[in-house]
Structure formats: structure tokens, C-alpha cells
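Novice: Under UniProt numbering, the first residue of the first sequence carries the number 1, and numbering increases by one thereafter.
No residue lacks a Cβ here, since even glycine has one placed at the ideal position from N, Cα and C.
Quick one: the structure is below, and I'll ask about it shortly.
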Amino acid sequence: MSISKSLLKKLALPAFACAPKKTFLSLENTIKLLKISADDRNLKLGKIIHTQLIISNQRKELNLTETNCLINFYAKCGEVSVARKLFDQMPERNVVSFNALMTGYLHKQLPLEVLELFKSMDTWELQPNEYIFATVLASCSDVRALDEGKQCHGHVLKSGLVFHQYVKNALIDMYSRCSDVKAALGVLKMVPGSDILSYNSIITGFLENGHLNEGLEVLREMVDGYLVMDGFTYVTVLGLCAGLKDLKLGMQIHSQILMREVEIDGFVGSSLIDMYGRCGKLLYAKSIFDVLEKRNVVHWTSMMAAYAQKGCFEDALILFLKMELAGVLPNEFTFAVMLNCCAGLSALRSGDLFNSRAEKCGFKAHLIFGNALINMYSKSGSIEDAQRVFLDMGNRNNVTWNAMISGYAHHGLGRQALVVFQQMIASFCVPDYITFVGVLSACGHLGLVDEGFYYLNTLMGKYRLVPGMEHYTCIIRLLGRAGLLDEAEKYMKSTPVQWDVVAWRTLLSACHAHQNISLGKRIADILRGLDSNDVATYILLCNMYAKAKRWDEVANIKKLLRGRGIKKEPGVSWIQVKNKTHVFVSEDKKHLESKKIHQKVDELITQIKMLGYMPDIGIVLHDVGDEQKEEHLSYHSEKLAIAFAVINTPSGAPIHVIKNLRMCDDCHSAVKLIAHVTERKIVVRDANREARQLSIEKPSHLDAVQVTDTGEHACLKTYCWALQHISVGLYSRKLVDGKEFGEALYGSVHQPQSHAYILVSASCLLG
DNA sequence: ATAGGGTTAG
């Protein structure tokens, strides 16, 4: 009796359980059940059927089809060695046998075996068909084996199978994943009949390899061809928007999803959160997160990443606790984001805790986790721990090497940074843009001018890298450190680079250090032309003049600042002692132990004066006499925090202080000596980053609209706002501004400022 | 009887 597949599936196991011992299935049903077992990855059921086949078979050996089915079954269930045994014992094989086994190797990530089988087909005088090519190309794609993929392409062309949709798409997938943009586009355009899968593959591949603009170009063509996006497309295109930080395009895609009533499933939901998060729209990301019915670990992690990206590290950490309460288990990505938050807060203790938790959960060996760990330890001031993690890592990629190189460079360990760079090259890891930022800054610390220029002008070119502003700024810092200020100025004036405020300020900082007042003045003029209201520049200038005891100039700048209503941000330091964060403001007397702390500061200063410490009296902005100046400097927030830590932590314990501003020269030399007299390791890290936003931002263009946080789609509110400002009459479900919907999207992709974007956005409300 | 694409890290 022949039974339908679905019925078989439903009845299979219970029927087997009840069947009398000598009941055998018909051959036809056996094949069907084997296929079901393969599709469901039901190893148990398949094994039972295999047994039945052997027992019931009157003939000595299984026939070709039966064995092929078995190979397929074992390969799909991950038992590729069993599949191989069956394959090897076959007296006769056909293309199907080969492909079934190849698929097993493909999914086990064993591309060499796939290629080996592909080669051996020739000796069996078997011609590869479209199935074989699709599988072999997928293997090449998986391991980015471009050369093998190209050879396979040649075979495909000879065989004339290039017009098979599967083969064509496999070729596109292989080329785009292997980052061969030209070849991928060639196949897409030369071979007619691209479906949504062709486009999804190519955009995904481009996105993966950072060819974002090319991806956008392909998207344009796709929309132009009126191809309807599916769930995969939305995920990929949202990834593209996130990478390009193109909020407008992202919102258009979101609108289309809403209008077409595409289900926001796990994947689309997380892509939306990620897109809004990476475009800096925390509130939008959260509104998506809030309305999701089921939240998985990716949703939580994407949301945490969105907080972290905005610098709301504490909020992200709180979200982690909420996730735990919701019973969702963290994965390696979650821990990586958490470590990133700890790095942002310099919360070494919390970072250690996450490290332990992750190790217990078995994520220690994950590459992304190790990378995040190196980053956390080095940003939190513990380069030894970073190094330990680095040495322990069995698997390393660019990010790993970069993290270690820039970690060493940041800690002033230029020599080590360059050694690691050499090791990176020796282990055939290709350096990238970020690698050279670290390398050049290491050269800066070591004062290696010639080497710096060699890396910039020669080595970067060898790796086909175009130096960017970060690299040029490193060069300026390098020249500045070496005291070659005039050369630096000459270099800046003669090199056709659009120097920015940071670069000029770098040189100004060198003028401060080397007391080149006249150049400093010239740079101040240039900076004034670039950016008229920058506090950091004025403070640098002020310090430069103060160091030179040019009090007249100091007074001028202070007057200027006062006139513009600019206030210097107060110095704040904080420190974690026994699970509590203690915050200190310069000259703060509010702390409970204030008196004891001030006494300790005085004591420490007396001690280090005996080692030759000379309080710097020239760098304070206060209008007071010299005596008082010394006092003010003594109570800079980091000194207070260190004194507190010396009192409240066991002797010998390391002290980690974080502060908002850059440490002044006086504190720098004082702290070094304090570390010496107290025999402690002291790390002071300045949080040299954008001001932290503690509350969720209001969409800037929506000031007129009350945005509440009650689970409604914040994006819809944006569109409501848009509705009030545009004429709605033009819209019908299919037509926007007299154009097809796709055209409106197309138009706005070409011109991001176009009004079509608002219309498309608005349409989702009406649809 | 054999083949295809997606989310979170730095």
C-alpha cells in the first residue's frame, strides 16, 4: 500500500512502535520514510528503517537508489563517515551518490573532501550535473576559495549549465562572498533571469566584504526591475543601511515592511533594531524591541549593542539583568557586548565577572569573545591581562591582532606593538586600515620618524591601503613627539589632505609640550578658522601659555571664554571599591571621608616631594596667588580618588581610576611618584570620548511632537508627524506621487533628500 | 533518489 508522505510522517514512529515484529514496509514507503528522516534529521527513525531494509531485503545487496537514499540520510544527519562507508562499498555509483555525499561534507565544512570527490568523478566517467556544480560552488564559497571557484566556473561554462538558476546563483554567491565584485556583477548581468535569490546572495556577499556602495547599486537595479523583496532581502538591505548609517533608506525599508504587512519575525526584528541602533536612533530601536512578541537572545543583544553604541553603558548592563530575569540565556555575542560596555566604563571588576560567567558557559574559545576580552582589558588599563588572553587564543583574526597592537600602543609599549605587528605578518594575517593606525601610533611612542613614514608611504601601499585622516594624524603626532614641529607644519601645508580640527590640535598639543609659542599661535589662528567654539582648543592654548608663564595671554583667553559663556567642564574621577563606585570632583569636600582624604593627599605629596617632585604651579585657570594654586592642583579629582583608594584598599592592590578629562602634567608626574612610594600599580584612564548620554534621546527633528515611551511604534509617530506636513491626497495604495511604489523608493535612493521618502513613509499609515 | 540565501561582536 502506498501512503502519502505527510500521513507517513505523522504515523511513522507510533506505527513502528506498535507494529508486530515481522511487519515490513514496502520498498516505496521505505524510500519515503528515509527521505522524511533525512529532512527531519531524525537519526533514530532512519536507523530503524536502515535495519528494516537490511533484514527484509531478499537480495544480497541494496540497489543504487536505496543506497543513495541512505547516503543522503546519513549525510543530512551529520553522520558523514557512515555515508562515506556506504558510498565506498557501492559496486556502482551515479551522480546522485556523489552529490548526496558531497552535501554531507559541505555541511560539515569539509570543502577539501568535496573537491576531492568532484575530481574523482572524472575517473568514474561521470559528468557533473547542475546539482554537483551548485554543491561544489557552495563549498568554494564557504571557505572563500576563489581560485577553485573560478576553475569550477570554467567547467560550468563548458558544460553549458550556467543557465540553471541554482548554478547561476551559486556562482553569484561564490564570487560575492569571495569579494570578487566584478565577477559577481558579471554573472548577475550576463546571465539572464535573476531572481530574488540572486539579488539576496550578491547583496549579502557585498555587505559581508564591506562593498556597501556596490550593494546599494545592486539594490537600485533590483528595485528598478520590480523584484519583490522577501524576508531575506529585508534583513540584508537593513544590514546595508546599518553599515552605511543611512537612516533614511532604513526608514524606507521599514515603511515598506509595514505597508506590505510583512511579518516582523525574529530575523527582520533584530535587523531593524540593529539598523536603528547603528544609525544612532536608540528610541526607534527600543520601540521595535518593545513591541516584539517573542524576544530571543539576538534581540536582547542587539538592543544592548544599541545602548552601548550611544555610550549608555549602564543602561546596557541593566538590560542584561532584565534579560536574565526574562529567562533568556546569553551567548558569546551578548558577552562581547557586555565586555564592550565594561571597557567603556573601565569597569575592570565587572569585566572580570563577565569573563568568568562566559567561561562557565563555554564561550571562552569563541573568537569574538576573546577579541572583546582583549579590548576590555586593554581599555580598562590591564595590558597584562589583555596579553594573557591574546597568548591563550588558538584562533586569531585581524581584529585580534589589531586589538593587541593598539592596546600596546595605547599603553605606551611601542616596541611590543611592533613585535606583534611582525608576528601578524609572519602568520599570514593581512593587516588592514586599523592595523596601521596602531602601528603608526606605536612609532609615535618610540619616536621612529623614518619607520613611520615607511609604514605610511610604502607598506600601506603594498597592502593596497589608502591612508586616511587617522594615519596622517598619527604622523603629525609622531613628528610632534620627536620635536620636529616645523617639519610637521611643513608636512601639513604641503600634503594635499583635508586636515581637520583633531590634526591641528595634535600639533598644537606638541607646541604645548615643546613650548613653541609662536607656532602655537599660528595654529590657534588656523583652528579659529575651522572651528570657532571649541573649548578643548582653548584649554590647550591656555595651558601652553600658562606653562610659559605668559599670564597676559592666559587672561586674554579666559576673558574670551567667559565672554562666550563657555565653562570648563569640572574634573571628575571615579573609582570602584568593593562593588561601589566613588565619585570625586576637583577640590571636592562633600565626600564623607573628605578630611581623611585631604590629609592623605598632603601626606603623599610630602612623601613624593622628597623624591624630587616639584608641584607645577603654572597650569591652573584660577585667578589666585601662587600659594593657593599649589593647593588647588593638589586636590585634582584623580589625586583625591587615589588617596581614597590608598586608604580603603589593601596594600599592594592595584588602583584603577577613570576620569572625564585628560590628566594634567602635574598630576601625571605626581601619580607616577605616588605609585612608586605606595608600591602600587596605578592606572588613570581618561574617558576621552563623547559626553555620555544617560537618557534616551528625543528624535531631533521631532521637537514639536511629544514622544512617549509606552510601547508604541516611535517610527509611526515620525510618520504621523510627516503626515501633518505633506499633502496626502496624492497617495493611493499602489501609486506614490503618480509613480509606482517601487519607483518612489528608487527615486529616493538616488536622491536621499527627495520628498519621495516622506511619501513612502507616510504611505504605510494609510495602507 | 541529489542543490540555494538572513540577525547580534571588534
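#1: So within the stretch 149 to 192, which uninterrupted alpha helix (DSSP H) runs reach at least 4 residues, ignoring any that extend past its ends?
#2: Note the first and the last residue of the continuous beta strand (DSSP E) segment covering His107.
#3: Count the other CB atoms within 10 Å of the CB of Leu485; is the residue buried (16 or more) or exposed (fewer)?
#4: Could you tell me which residues DSSP puts in a beta bridge with Trp574?
#5: Could you give the residue range of the alpha helix (DSSP H) that holds Arg522?
#6: Please classify Val535 as buried or exposed, where buried requires at least 16 neighbouring CB atoms within 10 angstroms.
#7: Considering only their Cβ atoms, is the gap separating Leu348 from His656 smaller than 9 Å?
#8: Have a look at Glu332, Ile425, Val419 and Leu283 and flag the residue whose alpha-carbon is nearest the alpha-carbon of Ala442.
#9: Tell me whether Gln89 is buried or exposed, calling it buried when 16 or more other Cβ atoms sit within 10 Å of its Cβ.
#10: Relative to the C-alpha of Ile575, which candidate in Lys639, Lys32 and Gln151 has its C-alpha closest?
#11: What residues in its chain sit with their C-beta under 6 Å from that of Leu604, if we drop five residues either side in the sequence?
#12: Could you tell me the alpha carbon to alpha carbon distance between Val136 and Val114, rounded to whole angstroms?
#13: Need the endpoints of the alpha helix (DSSP H) that Ile264 sits in, please.
#14: Quick one: what's got a C-beta closer than 8 Å to Thr435's C-beta in the same chain, skipping five residues either side?
#15: Which word fits Val430, buried or exposed, when buried means at least 16 other C-beta atoms lie within 10 angstroms of its C-beta?
#16: Please identify the residue among Phe133, Arg144, Gln165 and Lys168 whose C-alpha is closest to the C-alpha of Cys152.
#17: Tell me, please, whether the stretch 509 to 525 touches the stretch 541 to 560 by the rule of three or more beta-carbon pairs shorter than 8 Å.
#18: Whole angstroms are fine: how far does the CA of His211 sit from the CA of Arg685?
#19: Count the other CB atoms, across all protein chains shown, that sit within 10 Å of the CB of Ser651; report buried if there are 16 or more and exposed otherwise.
#20: In the DSSP assignment, what residue or residues form a beta bridge with Arg464?
#21: On the three-state DSSP scale, how would you describe Ile55?
#22: Restricting to Cα atoms, I'd like to know which of Glu487, Thr67, Glu214 and Leu508 is closest to Leu240.
#23: Starting from the Cα of Ala670, find the closest Cα among Ser637, Tyr377 and Gly160 and give me that residue.
#24: Is it true that the CB of Val235 sits closer than 9 Å to the CB of Val268?
#25: In terms of residue numbering, what span does the beta strand (DSSP E) encompassing Arg685 cover?
#26: Provide the residue span of the alpha helix (DSSP H) that contains Asp39, from first to last.
#27: Roughly how many whole angstroms lie between the Cα atoms of Leu161 and Val237?
#28: Suppose the cutoff is 6 Å on Cβ atoms and the five residues either side in sequence are ignored; what does the same chain contact list for Ser346 look like?
#29: Apart from the five residues just before and just after Asp602, which ones in its own chain have a Cβ nearer than 8 Å to its Cβ?
#30: Rounding to the nearest angstrom, what Cα-Cα distance links Lys168 and Leu508 in this structure?
#31: Pairing CB atoms from the stretch 462 to 475 with CB atoms from the stretch 496 to 511, are three or more of them under 8 Å?
#32: For Asp666, tell me which candidate among Thr649, Tyr613 and Arg562 has the shortest Cα-Cα distance.
#33: By the DSSP assignment, the alpha helix (DSSP H) with Asn543 in it spans what residues?
Specialist: According to the structure data:
#1: Counting whole runs of 4 or more residues, the stretch 149 to 192 contains the alpha helix (DSSP H) stretches 165 to 177 and 181 to 190.
#2: In the DSSP assignment, His107 falls outside any beta strand (DSSP E) and within the unbroken alpha helix (DSSP H) covering Val95 to His107.
#3: Answer is buried; the Cβ neighbour count reaches 16.
#4: DSSP, once it has assigned bridges, lists Val583 and Ile658 as partnering Trp574.
#5: Going by DSSP, Arg522 is part of the alpha helix (DSSP H) stretching over Ile517 to Leu530.
#6: Exposed.
#7: Yes, Cβ-Cβ distance for His656 and Leu348 is below 9 Å.
#8: The shortest Cα separation from Ala442 among Glu332, Ile425, Val419 and Leu283 belongs to Val419.
#9: With fewer than 16 Cβ atoms within 10 Å of its Cβ, Gln89 is classed as exposed.
#10: Ranking Lys639, Lys32 and Gln151 by Cα distance to Ile575 puts Lys639 first.
#11: So the qualifying residues of the chain are Ile674.
#12: Going by the C-alpha atoms only, they are around 7 Å apart.
#13: In the DSSP assignment, Ile264 falls outside any alpha helix (DSSP H) and carries neither an H nor an E.
#14: Short of 8 Å from the beta carbon of Thr435, and not among the five residues preceding or following it, lie these beta carbons of its own chain, in chain order: Asn398, Trp401, Asn402, Ile405, Phe421 and Met424.
#15: Per the 10 Å Cβ criterion, exposed.
#16: Of the candidates Phe133, Arg144, Gln165 and Lys168, the one whose C-alpha sits nearest the C-alpha of Cys152 is Phe133.
#17: Enough Cβ pairs lie closer than 8 Å, so yes.
#18: When only Cα atoms are considered, Arg685 and His211 end up about 36 Å apart.
#19: When all chains shown are included, Ser651 counts as exposed.
#20: According to DSSP, Arg464 bridges with nothing at all.
#21: Helix at Ile55.
#22: Distance check between Leu240 and each of Glu487, Thr67, Glu214 and Leu508 places Glu214 closest, using alpha-carbon atoms only.
#23: Comparing C-alpha distances from Ala670 to each of Ser637, Tyr377 and Gly160 shows the shortest one belongs to Ser637.
#24: In contact: Val268 and Val235 (Cβ atoms closer than 9 Å).
#25: From DSSP, the beta strand (DSSP E) with Arg685 extends over Ile682 to Asp686.
#26: For Asp39, the uninterrupted alpha helix (DSSP H) segment begins and ends at Leu27 to Asp39.
#27: Approximately 30 Å between the Cα atoms of the pair.
#28: Taken in chain order, the residues that qualify are Ser380, Ile658 and Arg685.
#29: Excluding positions up to five away in sequence, the list reads Ser634.
#30: Distance between Lys168 and Leu508, taken at the CA atoms: about 57 Å.
#31: Using a C-beta cut-off of 8 Å, the stretch 462 to 475 makes contact with the stretch 496 to 511, since at least three inter-stretch Cβ pairs fall below that distance.
#32: Checked all of Thr649, Tyr613 and Arg562; the closest Cα to Asp666 is Tyr613.
#33: Run containing Asn543: Val535 to Lys547, per the alpha helix (DSSP H) assignment.
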